[in-house]
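All remarks here apply to the structure that follows.
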Amino acid sequence: MKITTWNINSVRLRMPLVAHFLKTRAPDVLCLQETKCRDAEFPMKDFTALGYTHVEINGQKGYHGVAVVSKKPLRLIEKRDFCEKGDARHIAVEVEGNGGPITLHNFYVPAGGDEPDVDINAKFAHKLSFLDEMKAWGENGAAKGRVALVGDLNIAPLEHDVWSHKQLLKVVSHTPVEVEKLTNVFKAGKWIDAMRHFVPADEKLYTWWSYRAADWAASNRGRRLDHILVSEALGGGLKKLDVLTEARGWERPSDHVPVTIELSE
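Set out below in structure tokens:
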């Protein structure tokens, strides 16, 4: 089974890129974040025409939004409102794998604003609270059984998940407090970092490049903000990783690229 996560930064605006990706890469399941549209506005017909006839959405007008589109049947499990703010940042589905059903959680963790200070930045405080709730959720058995967690977690936790560890220590997405809280999330569910299963921790690995860069490829100042985690029950089935870096150079791209994991399960 091939599962892709991609922060698309408006699914309607970038539907041509999504269609190209699905035609050329053909994952079984595509998890999108920042769809930025209400459920009724989601381009359902476009996905159906591409053979992705099973869709579950948690949408919101103009902001956030997550969706799962699949060739395989899906069963909606829940749309959890983390921090009870009414944001569309999570959806969980069940999809049938070769070894039985897999529970798939699709997340869009708050970005956290610009200032890493909870006293002056409510967005950063929200992000930290969201991570605390994810930790408690994991401790309550979220990772038991055949489970995968994917999405834009908006944190690059490791030294080589960013272009410069020292220069980004005070930049939101790589601050010590964020890294600690995300690490606690990983530990709470005993999650396996599927991307780092394939790419050693001492090698650079990015999924996001800022729109602000004049030449993103030349400067290569990236961060690994997008993640795929699997439970211990799925860890033995990890077969392949693909980070489609070239997608950052497509016309009118998202600032994130698709990340695909292949499971033998």
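When we follow the numbering used here, the leftmost residue of the sequence shown carries the number 348, and every step to the right adds one. No residue lacks a Cβ here, since even glycine has one placed at the ideal position from N, Cα and C. Since the model is a prediction, treat every value here as computed from it, not as a measurement.
Can you tell me where the beta strand (DSSP E) with residue i in it begins and where it stops?
i    : result
K586 : L585 to V590
R543 : Per DSSP, R543 belongs to no beta strand (DSSP E); it is in the alpha helix (DSSP H), A541 to F545.
H574 : D573 to V577
W353 : K349 to N354
Does the Cβ-Cβ distance between residue i and residue j come in under 8 Å?
i    : j    : result
V365 : L451 : no
W555 : D573 : yes
L529 : L500 : yes
E486 : C430 : no
R436 : Y455 : yes
K537 : A483 : no
P374 : T607 : yes
E381 : N354 : yes
L515 : P523 : no
Determine which residues share a DSSP beta bridge with residue i and list them.
i    : result
A435 : Paired residue(s): none; A435 is not in a bridge.
H603 : W555
R570 : V509 and W555
L610 : L585
Return the CA-CA distance between residue i and residue j, expressed in angstroms with no decimal places.
i    : j    : result
Y558 : D602 : 6 Å
V358 : Q407 : 12 Å
G398 : K418 : 6 Å
A458 : V604 : 17 Å
T395 : H401 : 8 Å
R571 : V415 : 21 Å
V590 : I350 : 12 Å
E506 : V413 : 28 Å
E550 : A541 : 15 Å
D461 : F471 : 8 Å
E425 : C384 : 19 Å
P363 : D393 : 9 Å
N567 : R599 : 18 Å
A548 : E527 : 17 Å
G498 : V509 : 18 Å
R493 : N531 : 20 Å
F404 : N453 : One detail in the question is off: residue 404 reads as Ile in this sequence, not Phe. Rounded to the nearest angstrom, the two C-alpha atoms are 10 Å apart.
Starting from residue i and walking both ways along the alpha helix (DSSP H), at which residues does that stretch end?
i    : result
G498 : First-last for G498: V494 to D499, but that is the beta strand (DSSP E), not the alpha helix (DSSP H).
T530 : P523 to A535
L475 : A469 to W484
W563 : W563 to S566
Problem - Runs of beta strand (DSSP E) lying entirely within the segment 366-452, each at least 3 residues, in chain order - result: Counting whole runs of 3 or more residues, the segment 366-452 contains the beta strand (DSSP E) stretches 376-380, 401-405, 413-417, 421-425 and 437-444.
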